[in-house]
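Chemist: This is the structure I want to talk about, given as structure tokens.
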Amino acid sequence: MDNSFVELIKDIKKDDSINNLEKNYQKCVSYLKDLDKRKSNDKLFLMNSVVKEKSLVLLKLLYLQMFGKKIDKEYNFSVIQLLTCNKYFLKRRGFFFLNSISDNDDIIFLSINLFKKELYKDSINSIDQNTKGTVLSSLSNIGTKIIKENINIFKNMNTINTNNVNTTNTNNVNTINTNNMNTINTNNMNKHNQHK
């Protein structure tokens with residue numbers, strides 16, 4: 168791709184109109200498609216260069232997402248390529264993308280085994296330690312989202328249960344009040360009859 172990430176930021180700072188955002192978004196999308204075509208046509212195409220270029224384009228898409236552009240699910244699977252790389256900076260970009268996109272449920276399930284693999288590596292290498300820290304950070308971000316969704320389910324269940332309890336309590340109070348009123352009316356009638 169002819170532009171670097173910094174040039175994209177400068178271009179959007181100069182002109183943040185919807186047309187310019189759309190133009191930059193279309194450039195990124197078409198470049199990703201072009202990379203996939205080149206990879207399938209060229210047998211000598213180096214995988215590392217593709218992944219490096221894809222990671223840069225994905226960073227650009229994330230930046231454009233902050234301006235309201237939606238990232239299609241089809242580009243989410245490029246993250247798996249980044250997470251399986253040996254180079255730390257590419258993995259870090261993959262984890263960043265994984266944490267930043269809003270619609271990442273499909274990738275989460277695919278990346279669970281990658282998380283396990285990274286966490287159970289026996290190595291003293293500092294890069295592996297950094298990767299483990301990045302994995303744990305991603306797990307905390309993903310876990311928070313999943314817990315939040317489950318808590319909302321529990322809140323809805325509690326609301327339903329609370330409504331049922333309130334309805335039952337209201338019915339019981341009405342029954343008690345009706346019984347009390349009947350008792351009071353009966354007592355009053357008895358007193359009235361005694362005075363006669």
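Each residue of the sequence shown is one higher than the one before, starting from 168 at the first, in the numbering used here.
Ideal placement from N, C-alpha and C gives every residue a C-beta, glycine not left out.
All figures in this text were calculated on a predicted structure; none of them were measured in a lab.
Our contact map puts Leu-231 next to Asn-191 with C-beta atoms below 8 Å; I'd like the distance itself, whole angstroms only.
Modeler: One-based indexing of the sequence shown puts residue 231 at position 64. One-based indexing of the sequence shown puts residue 191 at position 24. Going by Cβ atoms, the distance from Leu-231 to Asn-191 rounds to 6 Å, so yes, they are a contact pair.
Chemist: Can you round the beta-carbon distance between Val-302 and Phe-282 to whole angstroms, since I take them to be within the 8 Å contact cut?
Modeler: Position 135 of the sequence shown, counted from the first residue, corresponds to residue 302. Position 115 of the sequence shown, counted from the first residue, corresponds to residue 282. Between Phe-282 and Val-302 the Cβ distance is about 5 Å, and since that is below 8 Å, they are a contact.
Chemist: Nearest to Leu-257 by alpha carbon, out of Leu-229, Glu-220, Arg-205 and Lys-237?
Modeler: Position 90 of the sequence shown, counted from the first residue, corresponds to residue 257. Among Leu-229, Glu-220, Arg-205 and Lys-237, the Cα nearest to that of Leu-257 is on Glu-220.
Chemist: For Leu-265 and Ile-185, I'd like the C-alpha separation in whole angstroms.
Modeler: Translated into positions along the sequence shown, residue 265 becomes position 98. Translated into positions along the sequence shown, residue 185 becomes position 18. The straight-line gap from Cα to Cα measures roughly 26 Å.
Chemist: With a CB to CB cut of under 7 Å and the five nearest residues on each side skipped, what residues in its chain are close to Leu-226?
Modeler: Along the sequence shown, read from residue 1 onward, the residue named residue 226 stands at position 59. Phe-172 and Arg-260.
Chemist: Residue range of the alpha helix (DSSP H) that Gly-261 falls in?
Modeler: As a position in the sequence shown, residue 261 is number 94, starting the count at 1. First-last of the alpha helix (DSSP H) with Gly-261: 255-267.
Chemist: Using 8 Å as the threshold, is the C-beta distance between Asn-243 and Asp-273 below it?
Modeler: One-based indexing of the sequence shown puts residue 243 at position 76. One-based indexing of the sequence shown puts residue 273 at position 106. The answer is yes: Cβ separation under 8 Å.
Chemist: Determine the direct distance from the alpha carbon of Lys-237 to that of Ile-318, and round the result to whole angstroms.
Modeler: Residue mapping note: residue 318 aligns to position 151 of the sequence shown, counting from 1. Residue mapping note: residue 237 aligns to position 70 of the sequence shown, counting from 1. Approximately 27 Å between the Cα atoms of the pair.
Chemist: Would you tell me roughly how many angstroms separate the C-alpha atoms of Glu-174 and Ser-305, rounded to the nearest one?
Modeler: Residue mapping note: residue 174 aligns to position 7 of the sequence shown, counting from 1. Residue mapping note: residue 305 aligns to position 138 of the sequence shown, counting from 1. Cα to Cα, the separation comes out at about 28 Å.
Chemist: Assuming Tyr-255 contacts Thr-298 under a Cβ cut-off of 8 Å, what Cβ separation, rounded to an integer in Å, is found between them?
Modeler: Against the sequence shown, residue 255 aligns to sequence position 88. Against the sequence shown, residue 298 aligns to sequence position 131. The pair is a contact, with the Cβ atoms about 6 Å apart (cut-off 8 Å).
Chemist: Would you call Leu-286 buried or exposed, if buried means 16 or more other Cβ atoms sit within 10 Å of its Cβ?
Modeler: Counted from its first residue, the sequence shown places residue 286 at position 119. Counting Cβ neighbours within 10 Å, Leu-286 comes out exposed, since fewer than 16 surround it.
Chemist: Just how far apart, CA to CA, sit Val-332 and Asn-308?
Modeler: Numbered from 1 along the sequence shown, position 165 holds the residue referred to as residue 332. Numbered from 1 along the sequence shown, position 141 holds the residue referred to as residue 308. Note that Val-332 has pLDDT 47, beneath the 50 cutoff, so the model's placement of it is unreliable and the number below is only indicative. Their backbone Cα atoms lie some 36 Å apart in a straight line.
Chemist: Please go through the same chain and pick out, in chain order, the residues whose beta-carbon is closer than 6 Å to the beta-carbon of Asn-336, but skip the five residues on each side of it.
Modeler: Taking the sequence shown and counting its residues from 1, the one referred to as residue 336 is at position 169. No answer about Asn-336 holds up, because its pLDDT of 48 lies below 50 and its placement is not dependable.
Chemist: With DSSP run on the structure shown, which of helix, strand or coil describes Ile-176?
Modeler: The residue given as residue 176 occupies position 9 in the sequence shown. The answer is helix: DSSP assigns Ile-176 an H, G or I state.
Chemist: Assign Ser-278 to one of two classes, buried (16 or more other C-beta atoms within 10 Å of its C-beta) or exposed (fewer than that).
Modeler: Translated into positions along the sequence shown, residue 278 becomes position 111. Burial call: buried.
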